[in-house]
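Report on the following structure.
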Amino acid sequence: MRIADILAHESIIPELKGTTKKQVLEELIDALLKHKPHMNRERLMGVLLDRERLGSTGIGDGIAIPHGKLRDLDQLVLSFGRSTPGVDFDSMDGKPVHLFFLLVAPETCAGVHLRVLAKIARLLKNGSVRKRLGKVTNTEEIYAIIEQEDEDF
């Protein structure tokens with residue numbers, strides 16, 4: 104499965120406004136709701152905050168991949184957001200996060216969910232990809248980079 108196959112253009116935020124973990128999660132959820140309006144915002148926020156309490160999804164190098172599972176979801180959904188100044192997300196390396204992917208999966212698809220998480224992590228561990236994503240200014244450019252680099256993994 105390709106990242107570009109589950110990332111809708113309307114679920115990309117070129118510049119996040121939030122300055123806290125909760126505000127960023129709210130924005131990323133709202134971006135998902137543009138593509139999947141039937142999702143329950145409050146329930147999803149609860150799932151994500153519960154996951155964050157287990158350990159931050161800020162994996163270091165300016166990257167966070169918050170994720171969770173919902174019972175009534177029929178397919179994987181993904182949103183992306185970028186914060187130029189960075190957000191304190193309790194990352195493993197203690198540094199601010201600039202690039203966020205929010206992944207939500209149906210409760211019944213553990214294997215695919217884990218493979219997509221690993222694929223996103225590999226994509227963003229590439230320093231040149233992170234640098235390119237940090238420089239672009241609009242949804243189309245962000246999507247094009249993800250789509251282009253998605254082929255390599």
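Be aware that the sequence shown starts at 104, since it is given in this note's numbering, and climbs by one per residue. For every residue, glycine included, the Cβ atom is placed at its ideal position computed from N, Cα and C. All figures in this text were calculated on a predicted structure; none of them were measured in a lab.
Cross-strand partners of residue i (DSSP beta bridge)
i, result
"P209", "L173"
"F192", "For F192, which the question treats as bridged, DSSP gives no partner whatsoever."
"A167", "G161, F203"
Span of the beta strand (DSSP E), counted from its first residue to its last, around residue i
i, result
"E113", "110-116"
"G197", "Taken as a continuous stretch (DSSP letters only), G197 belongs to no beta strand (DSSP E), as it is neither H nor E."
"I162", "161-163"
For residue i, the nearest candidate out of the options (CA to CA)
i, options, result
"L202", "V219, S182, K139", "S182"
"T240", "E118, H141, V200", "E118"
"P169", "A111, L176, V150, T160", "T160"
"L135", "I109, G197, I248", "I109"
"R174", "D164, A208, G163", "A208"
Terminal residues of the alpha helix (DSSP H) in which residue i lies
i, result
"G149", "144-157"
"I132", "124-138"
Point to revise | alpha helix (DSSP H) runs contained entirely in the segment 217-241, provided each spans 4 or more residues | key: 230-238
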